[in-house]
Amino acid sequence: MDVHNDKSHGFVVEDRKNIMIRGVTQVGAFDENEIYTVTVRGPLLLRGEGLQIIQLNLDEKVLSVEGYITAVQYLEENSPQNIRQKGKNLLSRLLR
Numbered sequence: 002m003d004v005h006n007d008k009s010h011g012f013v014v015e016d017r018k019n020i021m022i023r024g025v026t027q028v029g030a031f032d033e034n035e036i037y038t039v040t041v042r043g044p045l046l047l048r049g050e051g052l053q054i055i056q057l058n059l060d061e062k063v064l065s066v067e068g069y070i071t072a073v074q075y076l077e078e079n080s081p082q083n084i085r086q087k088g089k090n091l092l093s094r095l096l097r
C-alpha cells in the first residue's frame with residue numbers, strides 16, 4: 002500500500018490507549034468522548050474517554066489521538082450522526 006496515495010486510509014490502535022489514523026482530510030467536532038473526522042474513505046467517528054488530539058497534520062493526512070478508545074465507527078455520508086456533526090467545526094471548538 003502506497004502511504005502517499007491520496008486514497009490511502011487505515012488506522013492502528015495500540016492497547017486501546019493510542020490510535021493513529023491515516024487518510025484524514027478534516028476534523029469536525031471533538032471533545033474528550035468523541036472525535037468526528039472525515040477520511041478519504043468517508044466519515045469516521047472515534048469514541049472513548051479522555052480523548053486528546055496529539056497530532057493533526059492535514060498535509061500528510063495523519064491524526065494521532067491518546068485516551069481510552071471504546072469504538073471506531075464508519076458513518077454513512079447522510080447518516081443522522083454525520084449531519085449533526087457537520088454543523089460543528091474545529092475552529093468553533095478551539096475558540097471556546
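Per my numbering, residue 2 is the first one in the sequence shown, and the count goes up by one each step.
Note that the Cβ used here is the ideal one computed from N, Cα and C, for glycine as well.
None of these values were measured; they are calculated from a predicted model.
Exercise. Hey, would you say I70 sits closer than 8 Å to R23, going by beta carbons?
Worked result: no
Exercise. Three-state secondary structure (DSSP) at M2?
Worked result: Any reading at M2 is ruled out, since the residue's pLDDT is 41, under 50, leaving its predicted position unreliable.
Exercise. Hey, would you say T26 sits closer than 8 Å to V41, going by beta carbons?
Worked result: yes
For this session: Would you identify the three-state DSSP class for G43, choosing helix, strand or coil?
Result: It is a strand residue.
For this session: With DSSP as the reference, please indicate the residues paired to L64 in a beta bridge.
Result: I22, L57
Problem set entry | Reference I20; option with closest CA among E77, P44, I36, G43 | I36
Exercise. Y75 to L47, Cα distance in whole Å?
Worked result: 9 Å
For this session: Thinking L45 and V66 are a contact (beta carbons under 8 Å), I'd like their distance in whole angstroms, please.
Result: L45 to V66, Cβ: 11 Å. No contact.
Exercise. Three-state secondary structure (DSSP) at G11?
Worked result: strand
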